[in-house]
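Under my numbering, residues 1 to 69 are what the sequence shown spells out, in order. Working notes, beginning with the structure itself.
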Amino acid sequence: MATPGIWRKSSYSGGGDGNNCVEIARRPTHIAIRDSKSPARTPLTVRAGAFVTFIGALNADRLTAADVR
């Protein structure tokens, strides 16, 4: 997958320089995820459907440490 060009920063990145957050870039079938402190590193990519499920679980406060093991 080619490196995406449009990165969105989390709205929870806080004040200051805003470099302590996660950024995402949407592609047709995948989501690219990177750490804003290291933008030159290779991003993590996941299928869009899996990312939607993950975010849904976070929003529903259902995700626990046991779920990610």
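By construction, the Cβ of each residue, glycine as well, lies at the ideal position given by its N, Cα and C atoms.
Exercise. Answer yes or no: do Ala25 and Ala32 have a C-beta to C-beta separation smaller than 8 Å?
Key: yes
Quiz item: Taking the beta strand (DSSP E) that Ile33 falls in, what are its first and last residues?
Solution: His30 to Asp35
Quiz item: Could you check where the beta strand (DSSP E) with Ala25 kicks off and where it finishes?
Solution: Val22 to Arg26
Quiz prompt | Same chain, Cβ closer than 7 Å to Asp61, five either side skipped, listed in chain order | solution = none
Quiz item: Where does Thr53 fall in DSSP's three states?
Solution: helix
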